[in-house]
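Just so you know, the protein sequences line up as chains A and B, in that order. Taking numbering that gives the first Met the number 0, I'd label the letters of the first sequence as residues 0 to 122. Taking numbering that gives the first Met the number 0, I'd label the letters of the second sequence as residues 0 to 183. Okay, structure first, notes after.
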Amino acid sequence: MWTFDGQYAQKSRFKQCGKRHGVELNACLKNLGRLVEALNGGLTLQQCCAFGFFRSEGKDVYRIAQTGVRSAHETRLYVYARITGSTICILTVGDKNTQQDDIRWCHSTADEIRRTDHECARK
Amino acid sequence: MNAHGNEIAEVARVAADLTERPVAELERGILEHAEATAIVNALEGIRVRKGLRQKDVAERMKVSESTVSRFEDSRDEDLRVGDLVKYAGAVGMKLTLFMEDPSLPAAEQIKHCVFIISDLLQKLTDLAKKHHDDPAIVNGINAFRSEVLFNFFTQYLKSEERVRTVFTNSPQGTEPLRQEAATV
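Below you can see the structure in the form of structure tokens.
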């Protein structure tokens, strides 16, 4: 069963987004729930990429957009799919302006998580 | 709580820690949004499970891909019935209007569902009669009916286990359950 993990997340970003764009954040979180429901229902991550709100950003980092919000401030929730352990690691949340930096940070964090997992597996 | 509710509860729990907002408030916000987009999300879910891209649905609906994208980004209250019918058809589904009276007690809703299932099973029987000389179809229908019966009993027994706990803990003990069993 796929589960969530928030330990690697940029808390400050979530706190800020929750205050300024709470509706959009709720929509992203709802879609995150839909994603995990689909994974637990037997779909693969690749199959889930057919959802309009879900897109790969490379290195097992994915972007989840909000849907169903009128005049939305485009909000992007970034997650890392930790295949070993079937965990969706919530990383950060941003918008169009922070997109490039967010993806770079997420890739770097995903590399770090993978390094840690690899070291644990070797022990 | 259904599977969808479990995922939302879990997302709300993790997000509450990240946003430093109360879990209940987040869960309520996420659920409200889920309810406002339930139909659209269900249709998109069917499309994805059937392995169809937005492009495939657009071709079948004879509209642009961005039209399909906008449809899937809508709220239920913004949908037009005509678009719903076309989208459902494009993903191989037939749109049937089923209205639920939330004020009805669960028992009445269950009875209503039983009648619907009975009608649908009758349709299967009619199909089997129509194709009585095709063993593949008849055997397929038989196998499906067995599967339905198995799934129904599995879910019913799980439900009975949960109810048994309530009866065991109630002042009347298991007497209501024994009386119920005697009538079956």
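All C-beta atoms in this analysis are idealised placements derived from N, C-alpha and C, irrespective of residue type, glycine included.
Where residue i falls: helix, strand or coil (DSSP)
{"i": "A:A64", "result": "strand"}
{"i": "A:T115", "result": "helix"}
{"i": "A:T43", "result": "coil"}
{"i": "B:R79", "result": "coil"}
{"i": "A:R81", "result": "strand"}
{"i": "B:L96", "result": "coil"}
{"i": "B:Q154", "result": "helix"}
{"i": "A:R69", "result": "coil"}
{"i": "A:R125", "result": "The structure shown does not extend to residue 125 of chain A, since chain A is modelled only from 0 through 122, so no value can be given for it."}
{"i": "A:G17", "result": "helix"}
{"i": "B:R163", "result": "helix"}
{"i": "B:A2", "result": "Bear in mind that the predicted position of B:A2 carries a pLDDT of just 43, short of 50, making it too unreliable to give a figure here."}
{"i": "A:C27", "result": "helix"}
{"i": "A:A49", "result": "coil"}
{"i": "A:G32", "result": "helix"}
{"i": "B:S63", "result": "coil"}
{"i": "B:P134", "result": "helix"}
{"i": "B:V84", "result": "helix"}
{"i": "B:G28", "result": "helix"}
{"i": "B:S102", "result": "coil"}
{"i": "B:V90", "result": "coil"}
{"i": "A:R103", "result": "helix"}
{"i": "A:D108", "result": "Reading off the sequence shown, one finds Thr at residue 108 of chain A, where the question assumed Asp. Three-state DSSP puts A:T108 in a helix."}
{"i": "B:R20", "result": "coil"}
Which residues DSSP lists as bridging residue i, in chain order
{"i": "A:L76", "result": "A:I63, A:V92"}
{"i": "A:D4", "result": "A:C88"}
{"i": "B:S73", "result": "Per DSSP, none; premise fails for B:S73."}
Range covered by the alpha helix (DSSP H) that runs through residue i
{"i": "B:D125", "result": "105-129"}
Where the beta strand (DSSP E) containing residue i begins and where it ends
{"i": "A:S55", "result": "53-55"}
Handout entry: Members of the segment 39-58 of chain B near chain A, C-beta cut-off 8 angstroms
Key = If the cut-off is 8 angstroms between Cβ atoms, the segment 39-58 of chain B has V39, N40, E43, G44, R46, V47, R48, G50, L51, R52, Q53 near chain A.
Exercise for the section: With a floor of 4 residues, list each alpha helix (DSSP H) that falls wholly inside the segment 31-56 of chain B, ordered by position along the chain. Expected result: You should have 37-48.
Problem - Residues of the segment 12-26 of chain B whose Cβ lies closer than 9 angstroms to any Cβ of chain A, in chain order - result: Listed by position along the chain: R12, V13, A14, D16, L17, T18, E19, R20, L25.
Practice task
With 8 angstroms as the limit, tell me which residues of the segment 53-65 of chain A have their beta carbon closer than that to any beta carbon of chain B; keep them in chain order.
Solution key: For the segment 53-65 of chain A, which is checked against every Cβ of chain B, not one residue is closer than 8 angstroms.
Problem - the segment 85-119 of chain A: positions lying closer than 8 angstroms to chain B by Cβ - result: Residues passing the 8 angstroms Cβ filter: I89.
Exercise for the section: Below 8 angstroms between beta carbons is the criterion; list the residues of the segment 70-83 of chain A that meet it against any residue of chain B, in chain order. Expected result: Contact annotation: in the segment 70-83 of chain A, no residue has its CB less than 8 angstroms from a CB in chain B.
Handout entry: Interface positions of the segment 27-47 of chain A facing chain B (Cβ-Cβ less than 8 angstroms), listed along the chain
Key = From the segment 27-47 of chain A, only L28, K29, L31, G32, R33, V35, E36, A37, N39, G40, L42, Q46, C47 have a Cβ closer than 8 angstroms to chain B.
Practice task
Return the residues of the segment 125-140 of chain B that lie within a Cβ-Cβ distance of less than 9 angstroms from chain A, sorted by chain order.
Solution key: Correct list: empty, as no residue qualifies.
Handout entry: Members of the segment 69-89 of chain B that neighbour chain A once the beta carbon cut-off is set at 8 angstroms
Key = Within the segment 69-89 of chain B, the qualifying residues are E71, D72, S73, R74.
Practice task
Anything in the segment 7-20 of chain A with a Cβ closer than 7 angstroms to a Cβ of chain B? List those residues in chain order, please.
Solution key: Cβ contacts with chain B: A8, K10, F13, K14, G17.
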